[in-house]
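**Q** One structure is given below, represented as structure tokens, and several questions about it will come after.
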Amino acid sequence: MQTATVDQAAGSRALAASQIGAAVEHELRAAQFIDIHTHLYMPSLGPVGLWGIDNLVTYHYLEAELFRSSTIQPAAYWQLSQREKADAIWKALFVENAPVSEATRGVIAVLQAFGLPTESEDLREARAFFAAQKLPAHIRNVFKLAGMSEAVMTNDPLDPAEAPEWLKGAEPDPLFHPVLRLDRILNKWADHWQILAGQGYQVDAQATGKSTAEVRRFLADWHARMKPVYMAVSLPDMFQFPEDSLRGRMLAEAVLPACREFGIPLSLMIGVRYLVNPALKLAGDAVGKADLRAVEYLAREYPENRFLISVLSRENQHELCVYARKFANLMPFGCWWFLNNPSIVEEMTRERLEMLGTSFIPQHSDARILEQVIYKWRNTRRTVGPILANAYRLLAEDGRAVTRADIQRDVARLFRGNFEKFTGMKKQ
Ligand code: FIX
Ligand code: ZN
Numbered sequence: 064m065q066t067a068t069v070d071q072a073a074g075s076r077a078l079a080a081s082q083i084g085a086a087v088e089h090e091l092r093a094a095q096f097i098d099i100h101t102h103l104y105m106p107s108l109g110p111v112g113l114w115g116i117d118n119l120v121t122y123h124y125l126e127a128e129l130f131r132s133s134t135i136q137p138a139a140y141w142q143l144s145q146r147e148k149a150d151a152i153w154k155a156l157f158v159e160n161a162p163v164s165e166a167t168r169g170v171i172a173v174l175q176a177f178g179l180p181t182e183s184e185d186l187r188e189a190r191a192f193f194a195a196q197k198l199p200a201h202i203r204n205v206f207k208l209a210g211m212s213e214a215v216m217t218n219d220p221l222d223p224a225e226a227p228e229w230l231k232g233a234e235p236d237p238l239f240h241p242v243l244r245l246d247r248i249l250n251k252w253a254d255h256w257q258i259l260a261g262q263g264y265q266v267d268a269q270a271t272g273k274s275t276a277e278v279r280r281f282l283a284d285w286h287a288r289m290k291p292v293y294m295a296v297s298l299p300d301m302f303q304f305p306e307d308s309l310r311g312r313m314l315a316e317a318v319l320p321a322c323r324e325f326g327i328p329l330s331l332m333i334g335v336r337y338l339v340n341p342a343l344k345l346a347g348d349a350v351g352k353a354d355l356r357a358v359e360y361l362a363r364e365y366p367e368n369r370f371l372i373s374v375l376s377r378e379n380q381h382e383l384c385v386y387a388r389k390f391a392n393l394m395p396f397g398c399w400w401f402l403n404n405p406s407i408v409e410e411m412t413r414e415r416l417e418m419l420g421t422s423f424i425p426q427h428s429d430a431r432i433l434e435q436v437i438y439k440w441r442n443t444r445r446t447v448g449p450i451l452a453n454a455y456r457l458l459a460e461d462g463r464a465v466t467r468a469d470i471q472r473d474v475a476r477l478f479r480g481n482f483e484k485f486t487g488m489k490k491q
């Protein structure tokens, strides 16, 4: 019989309680994660992808924080060039104040990762460094620093900047997975139905007649073009389903059947209160507690569909865990947006582990700028590590030996396997 390698022997040996923390840290660091929801783009989609220091510093999270620490008003800010915006944010949030918020500290972590100064009065040196980077090699380096193998994109077939790149025939990229994003159809039909009509789909303003069938044909055409790993939509806190509305009919008659036909999940990100402060533009959205009975109905009445679910309100998290215990076709994922702070990530990850074991997806980065994945995944490992270690220590205390092989398998399931199986990227 083939003798077990030293690794296998070591991996199958019971860990002492004092060894568990370091073992978890090691396995989290060694694992290559899949980042299951980002706003990053493969380079073959052209200049839509954001990267570099000026984009990092003008991230909408930081724009919101700027207006609390500077006298500049949004109207005046939006008149500035991007460099002037970045200089204003750097001065207010990084020079005049300590960058202790999650999003400001993240920029510091990125600068540190590239060996750049983190206490400069200006961005001159950082700008020179990023200007010297060649994107494809830079992407590979950033993913390596972040400990991730692939990023899942957000691809909008009605985005005037992105859609033409797909129609030209954007080259697939093994580091990126497409997602068919549906917000303009499901939430902004009035502003977009004429684009579909202009492309030959027989749709109208009220989505009557053949409209939902034609939207399904539109989805089929873009599924063939993009080959998305799932379809996705962001939904308001007031989202209801079933609902006698245009969105309700589009979901029931076009989107859900299409996802079943193509064997891919539908990602529902629920709980946004859009533009509560329109003056802040992309930074103007807020959060509202949703009625998750819509998720309950979808999971129960559409058992052939699979749903990736992320909810934005901290108050919805526990009930989402309960629903995930009732319905295996629900996959809770991530600590989304205003939740992606260690104090809340800790609470959410602990309750998910306690109620779901390792059958959920702990995190996604939601990165909009390439280099953000470096700090967002460093923070996830930093926060989730001790929580996982505690769970294993309790298990050992209660009588079941924990091995490094256990930890390696569980980390792979949490940060890759659950997603690969739920989307069908990897057969069950
Ligand atoms: O709908 C979404 O994909 C949200 O994540 C974004 O719209 C949001 O602005 C964001 O980037 C949050 O992190
Ligand atoms: Zn997002």
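Read in order, the letters of the sequence shown correspond to residues 64 to 491 in our numbering.
Even for Gly, the Cβ is constructed at its ideal location relative to N, Cα and C.
Taking the straight line between their C-alpha atoms, what separation do you get for Val436 and Lys273?
**A** If I take the Cα positions, the gap works out to 43 Å.
**Q** Within the present structure, is the beta-carbon of His201 separated from the nearest heavy atom of the ligand ZN by less than 7 Å?
**A** Not under cutoff, so the answer is no.
**Q** If you reduce the DSSP assignment to three classes, tell me which class Val339 lands in.
**A** Here Val339 sits in coil by DSSP.
**Q** Cutting at 7 Å between CB atoms, please list the residues of its own chain near Glu88, excluding the five before and the five after it.
**A** Around Glu88: Gly448.
**Q** When the distance is taken between beta carbons, is His102 closer than 8 Å to Arg431?
**A** Yes. Within cutoff.
**Q** For Phe370 and Ile116, what's the separation of their Cα atoms in angstroms?
**A** Those two C-alpha atoms are separated by around 35 Å.
**Q** Which of the three DSSP states, helix, strand or coil, is assigned to Pro199?
**A** Here Pro199 sits in helix by DSSP.
**Q** What does the Cβ neighbour count give for Asp473, buried or exposed, with the cut at 16 atoms within 10 Å?
**A** Under this definition Asp473 is a buried residue.
**Q** Give a single yes or no on whether Thr134 has its beta carbon closer than 7 Å to a heavy atom of the ligand FIX.
**A** Flag unset: Cβ of Thr134 not near the ligand FIX.
**Q** Might you give, ordered along the chain, the residues of its own chain that have their beta carbon closer than 8 Å to the beta carbon of Pro199, omitting 5 neighbours on each side?
**A** Here the set comprises Pro106.
**Q** Starting from Asp254, trace the alpha helix (DSSP H) both ways and give me its first and last residue.
**A** It spans 252-261 - the alpha helix (DSSP H) in which Asp254 sits, taken as one unbroken run.
**Q** Taking its Cβ as the centre, do 16 or more other Cβ atoms sit within 10 Å of Pro13, making it buried, or is it exposed?
**A** What the structure shows of the chain is the stretch from 64 to 491, and residue 13 is not part of that stretch, so it cannot be assessed.
**Q** Just how far apart, CA to CA, sit Cys398 and Phe482?
**A** Taking the straight line from one Cα to the other gives about 15 Å.
**Q** Give me every residue whose Cβ sits closer than 5 Å to any heavy atom of the ligand FIX, in chain order.
**A** Those residues are Ser297, Trp400, Asp429, given in chain order.
**Q** Using only the alpha-carbon positions, how far apart do Gln175 and Val163 sit?
**A** So the two alpha carbons sit approximately 15 Å from each other.
**Q** Could you name the residues that DSSP lists as bridge partners for Asn218?
**A** Answer by DSSP bridge pairing, in chain order: Leu243.
**Q** Assess contact between the region 307-315 and the region 243-254, defined as three or more Cβ pairs (one per stretch) separated by less than 8 Å. Is contact present?
**A** Yes, the region 307-315 is in contact with the region 243-254.
**Q** For Gln145 and Ser330, what's the separation of their Cα atoms in angstroms?
**A** Distance between the alpha carbons of Gln145 and Ser330 is about 33 Å.
**Q** Have a look at Asn379 and Ala459 and give me their C-alpha separation to the nearest angstrom.
**A** Computed Cα separation, rounded: 31 Å.
**Q** What separation, rounded to the nearest whole angstrom, lies between the Cα atoms of Tyr293 and Val170?
**A** Their backbone Cα atoms lie some 30 Å apart in a straight line.
**Q** Any heavy atom of the ligand ZN closer than 7 Å to the CB of His286?
**A** No, Cβ of His286 sits at least 7 Å from all heavy atoms of the ligand ZN.
**Q** Are Ala295 and Arg244 closer than 8 Å when you measure CB to CB?
**A** Yes. Within cutoff.
**Q** Consult DSSP for Ala86 and reduce its assignment to one of helix, strand or coil.
**A** Looking at Ala86 - three-state DSSP - the assignment turns out to be helix.
**Q** Could you check what DSSP says for Ser406 in three-state terms: helix, strand or coil?
**A** Here Ser406 sits in helix by DSSP.
**Q** Below 7 Å, is the gap between the Cβ of Thr443 and the nearest heavy atom of the ligand ZN?
**A** It does not: the Cβ of Thr443 is nowhere closer than 7 Å to a heavy atom of the ligand ZN.
**Q** Residues in the same chain with beta-carbon distance under 6 Å from Ala349, minus the five sequence neighbours each way, listed in chain order, please.
**A** Result list for Ala349: Arg336, Val339, in chain order.
**Q** Within the present structure, is the beta-carbon of His240 separated from the nearest heavy atom of the ligand ZN by less than 7 Å?
**A** No, since every heavy atom of the ligand ZN falls outside the 7 Å radius drawn around the Cβ of His240.
**Q** I need the DSSP call for Ser212, collapsed to helix, strand or coil.
**A** Ser212: strand per DSSP, three-state reduction.
**Q** Quick check on Asp300: buried or exposed, where buried means 16 or more other Cβ atoms within 10 Å of its Cβ?
**A** By the neighbour-count rule (16 or more Cβ atoms within 10 Å), Asp300 is buried.
**Q** Cutting at 6 Å between CB atoms, please list the residues of its own chain near Ile152, excluding the five before and the five after it.
**A** Only Val120, Leu125, Leu129 meet the Cβ criterion.
**Q** Between Val215 and Glu434, how many whole angstroms is the CB-CB distance? I'm expecting something under 8 Å.
**A** Contact doesn't hold; Cβ gap of about 17 Å is too wide.
**Q** If you measure from the CB of Thr412, is any heavy atom of the ligand ZN nearer than 7 Å?
**A** For the ligand ZN, not one heavy atom lies less than 7 Å from the Cβ of Thr412.
**Q** Quick check on Gly334: does DSSP put it in helix, strand or coil?
**A** DSSP places Gly334 in strand when its eight states are reduced to three.
**Q** By alpha-carbon positions, which one of Ala72, Asp70, Gly84, Ala73 ends up nearest to Ile450?
**A** It is Gly84.
**Q** Looking only at C-alpha atoms, which of Phe390, Glu410, Arg356, His427 sits nearest to Phe396?
**A** Here the closest residue by C-alpha is His427.
**Q** If we call anything under 8 Å between Cβ atoms a contact, is Glu213 one with Leu238?
**A** Cβ distance < 8 Å, so Glu213 and Leu238 count as in contact.
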